[in-house]
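Just so we're aligned, residue 1 is where the sequence shown starts under the working numbering, counting upward by one. Note that beta-carbon positions come from the ideal geometry of N, C-alpha and C, so glycine has one too.
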Amino acid sequence: MKAYFWIIFKMPMKNPIILCMFSILLLGCETDTKLTFENTSFKGGNCDTCADIKVEVPRALDELKIAKSINSVIDEEIIYTLKFDEEVEVSTVDGAITSFDNSFQDMLAEFGPTSEPWEAKVNGKVTFENMNVVTIALENYTYTGGAHGYFSKVFLNFDRRLGKEIEIHELFDDQMGFLQLAESKFRMIYEIPQAVNINATGFMFNKDTFHLPENLGYTENGIELHYNQYEVASYADGPLKLVVSFDEAHHFLKKVYRAKSK
Numbered sequence: 001m002k003a004y005f006w007i008i009f010k011m012p013m014k015n016p017i018i019l020c021m022f023s024i025l026l027l028g029c030e031t032d033t034k035l036t037f038e039n040t041s042f043k044g045g046n047c048d049t050c051a052d053i054k055v056e057v058p059r060a061l062d063e064l065k066i067a068k069s070i071n072s073v074i075d076e077e078i079i080y081t082l083k084f085d086e087e088v089e090v091s092t093v094d095g096a097i098t099s100f101d102n103s104f105q106d107m108l109a110e111f112g113p114t115s116e117p118w119e120a121k122v123n124g125k126v127t128f129e130n131m132n133v134v135t136i137a138l139e140n141y142t143y144t145g146g147a148h149g150y151f152s153k154v155f156l157n158f159d160r161r162l163g164k165e166i167e168i169h170e171l172f173d174d175q176m177g178f179l180q181l182a183e184s185k186f187r188m189i190y191e192i193p194q195a196v197n198i199n200a201t202g203f204m205f206n207k208d209t210f211h212l213p214e215n216l217g218y219t220e221n222g223i224e225l226h227y228n229q230y231e232v233a234s235y236a237d238g239p240l241k242l243v244v245s246f247d248e249a250h251h252f253l254k255k256v257y258r259a260k261s262k
């Protein structure tokens with residue numbers, strides 16, 4: 001790239017073609033630049049009666065609108081996961097950690113010691129990034145007593161140009177076409193004959209109709225559709241997922257949100 005700049009600067013800048021080339025090169029450098037992320041960790045109190053809380057998520061360091069949006073949405077998701085008492089106002093991750101532990105302490109005070117402390121784990125990573133889209137995946141686990149804890153995965157997709165989170169419906173020019181493709185692939189992966197009801201083999205889609213999951217996001221392999229536990233099946237079935245390659249999804253996505261398969 002330095003060689004190109006040297007050649008351009010040596011040429012007469014009054015030439016409109018040269019000016020155009022220079023602008024394209026500069027624009028290309030800006031849009032191809034990846035955001036700078038740094039892992040940030042939070043922990044709960046370190047005591048025998050404290051809830052076990054660990055959070056590790058990427059934090060965007062750039063002074064850009066998109067970076068601030070990413071950090072804000074991630075914080076909101078962490079707060080939503082950890083906030084146990086709906087009556088308590090929480091606006092920070094540290095506050096959410098305190099809220100979760102306080103609820104555990106209230107439980108201990110009312111029912112006495114327990115051999116299994118409450119747990120909350122949040123781990124995040126960047127699963128995809130190009131000049132238009134950034135996707136963060138958060139894997140959450142909480143245990144607040146009972147037979148088992150609850151695991152969930154959340155995809156957060158962001159528009160780099162607009163500096164905001166993308167809602168699922170905003171990704172598509174033809175969402176119905178993508179839905180039909182996804183259903184066909186889901187039936188094939190989970191061995192449901194194409195001609196029978198989507199719930200014929202034990203799934204629990206609302207109104208016996210296939211639908212997209214609450215979470216889907218960009219990964220290096222394509223668009224992952226992730227159904228969390230209880231969303232369309234029993235807890236025992238665990239989370240369900242399928243991946244639609246970018247080549248398969250190409251014609252259904254809005255042009256700006258298309259990506260290339262590797």
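Identify whether Leu-108 lies in helix, strand or coil by the three-state DSSP scheme. In the structure shown, Leu-108 sits in a helix (DSSP, three-state: H, G or I).
What residue range does the beta strand (DSSP E) around Arg-59 cover? 52 to 60 is the span of the beta strand (DSSP E), which, as asked, contains Arg-59.
Can you tell me where the alpha helix (DSSP H) holding Asn-71 begins and where it ends? First-last of the alpha helix (DSSP H) with Asn-71: 65 to 82.
Nearest to Gln-180 (by Cα), restricted to the options Phe-252, Gly-112, Phe-203: The option with the nearest alpha carbon to Gln-180 is Phe-252.
Thr-33 classed as buried or exposed, judged by whether at least 16 other C-beta atoms fall within 10 angstroms: Exposed is the call here.
What are the start and end residues of each continuous alpha helix (DSSP H) run of 4 or more residues lying completely inside the region 204 to 251, in chain order? Counting whole runs of 4 or more residues, the region 204 to 251 contains the alpha helix (DSSP H) stretches 246 to 249.
Relative to the alpha-carbon of Asp-85, which residue among Ile-97, Arg-160, His-148 has its alpha-carbon at the smallest distance? Ranking Ile-97, Arg-160, His-148 by Cα distance to Asp-85 puts Ile-97 first.
Expected contact under 8 Å - CB spacing of Ala-51 and Glu-119 to nearest Å: Contact between Ala-51 and Glu-119 holds, since their C-beta atoms are separated by about 7 Å, short of 8 Å.
Smallest Cα separation from Met-248: which of Gly-222, Leu-240, Leu-156, Ser-115? Here residue 248 turns out to be Glu, not Met, going by the sequence shown. Out of Gly-222, Leu-240, Leu-156, Ser-115, Gly-222 has the C-alpha closest to the C-alpha of Glu-248.
Any chance the CB of Phe-151 is under 7 Å from a heavy atom of the ligand SAH? Among the components of this structure there are no ligands whatsoever, and the ligand SAH is therefore not found.
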